[in-house]
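Q: Here it is, the structure, as C-alpha cells.
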Amino acid sequence: MNELSQKSRSSIPLLCEGLLQRISVLEKKTTDASIFLPSYDQRQSILQIRALIEDLNTKKAELAPKSKFSFKSRKATGSTEKSMTVESNKIVNSGLDVVTPNNKIPITNSLNQNFQTVTLNYKQNCYISVNSYLTNLEEPGEKVMDFQISNLDHCIVNLVSSNVTIGAIHIKGLKDTIIMSGPVRSSILIHDCERCVFLIGCHQFRMHTSRQMTIYLHTTSHPIIEDCNNILFAPYTLSVPSLGNMFEAAKLDPTNNKYDKVEDFNWLRQQASPNWQTVLENKILKDWPFLHVDDPKDEETVLNVLNEILGSQLIS
C-alpha cells in the first residue's frame, strides 16, 4: 500500500483490487485460526484487518482517477472479463427474478476446475439456487465453492446441495433476505446486514455491524458478534436426506453445536449481553421452504413466504 503513491493513477484501481483480495485471504486465514486464539488476540486481529481495509480505501480515494458519473453501460470484452456471465431473465408479472443459468452470476474458476468462487451481488426480489448454475458436474472429484454475497434486498438464496461442498461464505450489506446453506467447511463472515434470516453451519462464525438478524446456526466454536443488536440465535434445523454426507464433506461434527455460546466483543461483563438472545422453543422454524426447488413457478408465493418468515422470525 505504501508503494501505491509511486504508481500511475490509471493503474491504481487494479492494484487496489489485488490488495483487497490479499486482505480477504488474510481475513479468511485469521478466521480459520481463531479457534486457537484467545478472545483478546481475535479482537486485535479483527481491528488490524479493519485498519488495513480503511487505509486501503483512503489511499484509493486519494490516488485513483475520479470516474465520471454516467447512466451509460459499458460492454465487457472477452479480454477483460474475469468471470463467466450470462444474460438475465426477468419474470415480469410479480417483479421476482429467478437466478438460473441464464442470469448474471460471476463464477471465477481457479486452476482446480473443481473449485470456484461465486459472487452474488446487487440483486433485488430474487430467488437464487446453487443447483441452477453448477457447471462442472461431469468432472470427477469433489466440487467446492466459496461464496461472496453482497448487496441483496428481498432475496431468497438456496445454497443447499448435495452436489457441492461450500468452502466459505462472506456476506455483506444484505437486507430482508433469507439464506439457506448446507454445512460450510471453513468460516462464515457477515458484515452490515439487517432484517435477515440465515440457516447456516460452519466451523467459525463472525458477524459485525448487523441488526435484527435471526441465525439458525451450527458451529463447533463460539460464535462472535461485534457492533450488533437485536440478534436471535437458534439451533441449525436443516433437514434433508443427504445432511449426514454434507456434514462429513464439510468436516463438521454434527454432535457439537455451540450456537448459543456467543461472545459479544462489545459486552465484556459477567452478565449476559443485551444484544442477543436465543429463539424461543415454540418459535423455532423447522420447515424451510423451497429447499428442493431450483426454479419456483409461483413468484407471488415466493415473495409472500419471504415476507412471512421475516415477519415471524425477527425481533421487531
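Counting in the working numbering, the sequence shown runs from 33 upward without gaps.
All C-beta atoms, glycine included, are put in the ideal place defined by N, C-alpha and C.
So, using beta-carbon positions, are residue 289 and residue 240 closer together than 8 Å?
A: Residue 289 sits at position 257 when you count from the first residue of the sequence shown. Residue 240 sits at position 208 when you count from the first residue of the sequence shown. Result no, Cβ atoms of residue 289 and residue 240 do not sit closer than 8 Å.
Q: Which residue comes first and which comes last in the alpha helix (DSSP H) that contains residue 276?
A: Numbered from 1 along the sequence shown, position 244 holds the residue referred to as residue 276. 275 to 281 is the span of the alpha helix (DSSP H), which, as asked, contains residue 276.
Q: DSSP three-state call for residue 295: helix, strand or coil?
A: Indexing the sequence shown from 1 puts residue 295 at position 263. In this structure, residue 295 counts as strand in the three-state DSSP scheme.
Q: With distances taken Cα to Cα, identify the nearest neighbour of residue 344 among 57, 333, 245, 195.
A: In the sequence shown, the residue the question calls residue 344 occupies position 312. Comparing Cα positions, the closest option is 245.
Q: Quick check: what's the CA-CA separation for residue 252 versus residue 285?
A: Position 220 of the sequence shown, counted from the start, is the residue given in the question as residue 252. Position 253 of the sequence shown, counted from the start, is the residue given in the question as residue 285. So the alpha carbons of these two residues sit roughly 7 Å apart.
Q: Can you tell me the Cβ-Cβ gap for residue 310 and residue 264, rounded? I've got them flagged as a contact below 8 Å.
A: What you label residue 310 is simply residue 278 of the sequence shown in a count that begins at 1. What you label residue 264 is simply residue 232 of the sequence shown in a count that begins at 1. Confirmed, Cβ separation roughly 7 Å.
Q: Assuming residue 231 is part of the alpha helix (DSSP H), what are its boundary residues?
A: Taking the sequence shown and counting its residues from 1, one reaches residue 231 at position 199. From DSSP, residue 231 is part of no alpha helix (DSSP H) but of the beta strand (DSSP E) over 226 to 234.
Q: If you measure between the beta carbons of residue 270 and residue 320, is that distance less than 8 Å?
A: Against the sequence shown, residue 270 aligns to sequence position 238. Against the sequence shown, residue 320 aligns to sequence position 288. Going by C-beta atoms, residue 270 is nearer than 8 Å to residue 320.
Q: As a quick exercise: from 164, 204, 199, pick the residue whose alpha carbon is nearest that of residue 183.
A: Your numbering for residue 183 matches position 151 in the sequence shown. Selected option, being the one with the closest Cα: 204.
Q: In its own chain, which residues sit with a C-beta less than 7 Å from the C-beta of residue 51, not counting the 5 before and 5 after it?
A: Position 19 of the sequence shown holds residue 51. So the qualifying residues of the chain are 33, 88.
Q: At which residues does the beta strand (DSSP E) containing residue 214 begin and terminate?
A: Here residue 214 corresponds to residue number 182 of the sequence shown, with the count starting at 1. Per DSSP, residue 214 belongs to the beta strand (DSSP E) from 210 to 215.
Q: Which partner residues does residue 201 have in the DSSP bridge list?
A: On the sequence shown, residue 201 is found 169 positions in, with the first residue counted as 1. Answer by DSSP bridge pairing, in chain order: 179, 220.
Q: Assuming residue 25 is part of the beta strand (DSSP E), what are its boundary residues?
A: With the chain covering 33 to 348 only, the question about residue 25 has no answer from this structure.
Q: Can you tell me which of 256, 217, 62, 278 puts its alpha carbon nearest to the alpha carbon of residue 298?
A: Here residue 298 refers to the residue found at position 266 when the sequence shown is read from its first residue. Closest by alpha carbon: 256.
Q: Rounding to the nearest angstrom, what Cα-Cα distance links residue 40 and residue 55 in this structure?
A: The residue given as residue 40 occupies position 8 in the sequence shown. The residue given as residue 55 occupies position 23 in the sequence shown. Each residue's alpha carbon lies about 22 Å from the other.
Q: Do residue 187 and residue 225 have their CB atoms nearer than 8 Å?
A: If you number the sequence shown from 1, residue 187 lands on position 155. If you number the sequence shown from 1, residue 225 lands on position 193. Not closer than 8 Å, so no.
Q: So for residue 301, helix, strand or coil by DSSP?
A: One-based indexing of the sequence shown puts residue 301 at position 269. Coil at residue 301, not helix or strand.
Q: In this structure, what does DSSP give as the bridge partners for residue 153?
A: Indexing the sequence shown from 1 puts residue 153 at position 121. Answer is 182.
Q: Skipping 5 residues on each side, what residues in its chain have a beta carbon closer than 8 Å to that of residue 198?
A: Residue 198 sits at position 166 when you count from the first residue of the sequence shown. Counting only Cβ-Cβ distances below 8 Å, and skipping sequence neighbours, we find 176, 177, 178, 179, 191, 213, 214, 215, 216, 217, 282.
Q: In the DSSP assignment, what residue or residues form a beta bridge with residue 237?
A: Numbered from 1 along the sequence shown, position 205 holds the residue referred to as residue 237. Paired residues: 220.
Q: Identify which residue in 181, 339, 201, 152 has its Cα closest to the Cα of residue 234.
A: Taking the first residue of the sequence shown as position 1, residue 234 is located at position 202. Considering only alpha carbons, the answer is 201.
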